[in-house]
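Written out below as structure tokens is the structure these notes cover.
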Amino acid sequence: MNRALRPLLATTAIFLLAYIAAVLQYPSMLSTRVLGNFLTDNAFLGIAAVGMTFVILSGGIDLSVGAVIGFSTVLIATLIMWAGLHPLLAFAITLVISAAFGAVMGAAIHYLKVPSFIVTLAGMFLARGGASVLSPDSIGIKHDLYTNISRSYILLPGGGRLTVIAMIMLAVFVLGIILAHRTRFGSYVYALGGNETSAALMGVPVARTTILVYTLSSTLAGIAGIVFSLYTSAGYSLSALGVELDAIAAVVIGGTLLTGGYGFVAGTFIGVMLQGLVQTYIVFDGTLSSWWTKIVIGGLLFLFILLQRLVFSASSPRKKAFRKS
Amino acid sequence: MSIIKKLALVAGIGALMSSTAYAEGLAGKVIGFSQIGSESGWRAAETSVTKAEAERLGVDLKFADAQQKQENQIKALRGFIAQGVDAILIAPVVSTGWEEVLTEAKDAEIPVVLLDRGIDAPEDLYLTSVASDQVKEGRVAGEWLVSTVGDRECKVVELQGTVGSSPAINRKQGFEEGIASASNISIIRSQTGDFTRSKGKEVMEGFLKAEGGGAGICAVYAHNDDMAVGAIQAIKDAGLKPGSDILVVSIDAVPDIFAAMVSGEANATVELTPNMAGPAFAALDAYLNAGTVPEKFIITESKLYTPADDPQGEYDRRKGLGY
Chain E
1 MNRALRPLLA TTAIFLLAYI AAVLQYPSML STRVLGNFLT DNAFLGIAAV GMTFVILSGG
61 IDLSVGAVIG FSTVLIATLI MWAGLHPLLA FAITLVISAA FGAVMGAAIH YLKVPSFIVT
121 LAGMFLARGG ASVLSPDSIG IKHDLYTNIS RSYILLPGGG RLTVIAMIML AVFVLGIILA
181 HRTRFGSYVY ALGGNETSAA LMGVPVARTT ILVYTLSSTL AGIAGIVFSL YTSAGYSLSA
241 LGVELDAIAA VVIGGTLLTG GYGFVAGTFI GVMLQGLVQT YIVFDGTLSS WWTKIVIGGL
301 LFLFILLQRL VFSASSPRKK AFRKS
Chain D
1001 MSIIKKLALV AGIGALMSST AYAEGLAGKV IGFSQIGSES GWRAAETSVT KAEAERLGVD
1061 LKFADAQQKQ ENQIKALRGF IAQGVDAILI APVVSTGWEE VLTEAKDAEI PVVLLDRGID
1121 APEDLYLTSV ASDQVKEGRV AGEWLVSTVG DRECKVVELQ GTVGSSPAIN RKQGFEEGIA
1181 SASNISIIRS QTGDFTRSKG KEVMEGFLKA EGGGAGICAV YAHNDDMAVG AIQAIKDAGL
1241 KPGSDILVVS IDAVPDIFAA MVSGEANATV ELTPNMAGPA FAALDAYLNA GTVPEKFIIT
1301 ESKLYTPADD PQGEYDRRKG LGY
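Protein chains in written order, with this note's numbering: chain E, 1 to 325; chain D, 1001 to 1323.
The following block contains the structure:
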């Protein structure tokens, strides 16, 4: 277990060092405003990444989350603006649809024995296509609830704002941590990701757990969609393009093993914050191309994959051969 | 119409005044610029012109490319606010969803200037917006044709932009307004060329065939230069001389149309200036240094270029801008 903690510690150390380095260069980065922005601006990504953590822990992958976020924003916007529903009702409908969407994907993965990569790829196309069919244009949402939520925040000392969507993300992380480490479902997910056959032999309900994992991921993507619609007060079919990949990156940088079985929800939080830090640094610098974000994240991903290889093969016999050579 | 002219006049005077009275007014100011991305040549030119203008004025420009994503633009804006910049320029990728972050900028007393596109938000959330008047661009092209052909009978074919896009609608309307006074000029055919060179050529070939090899066509009006360049190719392929047998007038003023003018194959283009930042900096200068609140909508000049305006020089000036 101690060994498994190393990637998490490494991520935290890298985040702190990077943050200190950024602050030394731009002292105004050490402010509650910037910290508040980290949370608010990455709220949708963080929520989706919690779902992704469970999927990856179980040994799968979910490529549909970005598209589900996009679909949710459009669905919410059309329900509120065209159908005249109350936002809370629109949220409920969106969550039910996204949960069902995930359950169907989970069932397809388990019963049809199709790799999750393929099933969720199909899900991605379906959701993105569906969103564009609903409305190809961006729909602005005008409702008192939206105005009130965007106006309510906790003012932190120093001018920072802890917004409602930031608090939703923090709550999702806390619940995610409890779910992963303190519940039976959580231990099933870890067991499934460790080895599906032995998990089944030990009595883990594989079918139910698989379906639940994808249901959870899609539901959280639906919540991320709600948060995204609050964030921009609009629904747009092309919103959150590629968020699934950012979420996967956050999970891996956060120390979760891509093959499943090892990892921490808390690590994912650091992974998300690290991405926010890189983006903020580039905005503060103002001369670097924003594509450097991708390059840095790519470099970090590579570093962590390497790190995991070293840490997790330490106990396997292969490691000795590796050392001798 | 007169309101737009007045606004343009006011903007022009404002720009003139600020450039004389507060010549070094923005030196050392930190200004954030959130750009949509670099999806078109014009957009890339806008970015390079903005950077050049900032350097000329001594502005410390913080540039953020949003890679076509609104969330990246919002993040960039929040980053600018946290950094405490003096002002923000933004070319918004979509029109919705800006109220929250612009309110935050307003609370932080940072003026925001919109470039090139408008948004659906209360007008008090931004200082001003700098954009071109697409109807006027079409009108300038139409008026040029009227003054060029005189009393001669003139049948025009039109290459429209992408169906339903606002530049296509507005540039068509403007051109029709421009030629409305001249009964000798009529648009005989009008089809979409999708703003692309290849579609422009294809549609022009169709026009030429339908009009007896082009004998009856006096001029072609294209909603952008790219389609005009395609049309020029089609006219040459049909054995006619573009620029003399058939007049070519278009909009945008990209380098390639000036190259065509140099070889006498294009007659006029109306500029969609990539220099949206110039008027924006002028407005910010006046606002930050003298407290002058600018007009809400600054309309950029729609300048007409003909072969008399040193096309070779214009080509050389533009080719390095990233078009």
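Even for Gly, the Cβ is constructed at its ideal location relative to N, Cα and C.
query, result
"For Ala100 (chain E), the three-state DSSP class (helix, strand or coil)", "helix"
"Ala1068 (chain D) vs Ser1034 (chain D) beta-carbon contact at 9 Å", "This sequence places Gln at residue 1068 (chain D); Ala is not what is there. No; because the gap between Cβ atoms is not below 9 Å, this pair is not in contact."
"Member of D:Glu1301, D:Pro1111, D:Gly1206 whose CA lies at the smallest distance from the CA of Ala1286 (chain D)", "D:Pro1111"
"Distance between Leu307 (chain E) and Pro7 (chain E) (C-alpha atoms, nearest Å)", "7 Å"
"Limits of the unbroken beta strand (DSSP E) element including Arg161 (chain E)", "161-163"
"Whole-angstrom C-beta distance between Met1261 (chain D) and Pro1307 (chain D), which should lie under 8 Å", "5 Å"
"For Thr1148 (chain D), the three-state DSSP class (helix, strand or coil)", "helix"
"Extent of the continuous alpha helix (DSSP H) to which Arg1171 (chain D) belongs", "1166-1179"
"Under 8 Å by beta carbon: chain E residues contacting Asp1065 (chain D)", "Ser289, Ser290, Trp291"
"For Gly235 (chain E), the three-state DSSP class (helix, strand or coil)", "strand"
"Ala131 (chain E) beta carbon less than 9 Å from that of Val119 (chain E)", "no"
"From D:Asn1224, D:Ser1166, D:Val1157, D:Glu1143, residue whose alpha carbon lies closest to that of Ala1215 (chain D)", "D:Val1157"
"Given 8 Å, three or more beta-carbon pairs between the segment 143-161 of chain E and the segment 25-32 of chain E", "yes"
"Bounding residues of the beta strand (DSSP E) (the contiguous stretch that carries Phe1080 (chain D))", "From DSSP, Phe1080 (chain D) is part of no beta strand (DSSP E) but of the alpha helix (DSSP H) over 1070-1083."
"Residue-level contact to chain E via CB, Tyr1323 (chain D), 9 Å cutoff", "no"
"Proximity of Glu1265 (chain D) and Lys1241 (chain D) at Cβ, strictly below 9 Å", "yes"
"Minimum Cβ-Cβ distance from Tyr1287 (chain D) to chain E less than 9 Å", "no"
"Beta carbon proximity, Asn1072 (chain D) to chain E, threshold 9 Å", "yes"
"Interface partners of Gln1083 (chain D) on chain E, CB under 7 Å", "Ser28, Phe284"
"Outcome for Met105 (chain E) when other beta-carbon atoms lying within 10 angstroms are tallied against a minimum of 16", "buried"
"C-alpha gap between Phe1175 (chain D) and Ile1185 (chain D), whole angstroms", "11 Å"
"Arg1078 (chain D): contacting residues in chain E (beta-carbon distance under 7 Å)", "Asn37, Asp41"
"Rounded C-alpha distance that separates Arg218 (chain E) from Arg208 (chain E)", "Sequence check: residue 218 (chain E) is Ser here, not Arg. Straight-line Cα distance between these residues: approximately 15 Å."
"Inter-residue spacing [alpha-carbon to alpha-carbon] between Lys1296 (chain D) and Asp1124 (chain D)", "9 Å"
"C-beta atoms of Thr1128 (chain D) and Pro1274 (chain D) nearer than 9 Å", "no"
"Chain D within 9 Å of Tyr231 (chain E), Cβ atoms only", "yes"
"Endpoints, the alpha helix (DSSP H) within which Ile76 (chain E) is located", "65-81"
"Sub-9 Å separation of Ala240 (chain E) and Thr12 (chain E) beta-carbons", "no"
"CB contact below 9 Å: Glu1137 (chain D) versus chain A", "As a matter of chain content, chain A is missing from the structure shown, whose protein chains are E and D."
"Glu1266 (chain D) (DSSP reduced to helix, strand or coil)", "It should be noted that the sequence gives Ala, not Glu, for residue 1266 (chain D). Coil, per DSSP."
"Nearest-angstrom Cα separation, counted from Leu45 (chain E) out to Ile139 (chain E)", "21 Å"
"Buried versus exposed, by CB contacts within 10 Å (16 or more), Leu230 (chain E)", "buried"
"Whether Ala1182 (chain D) touches Asp1225 (chain D) by CB criterion (9 Å)", "no"
"The alpha helix (DSSP H) enclosing Gln279 (chain E), as first and last residue numbers", "265-285"
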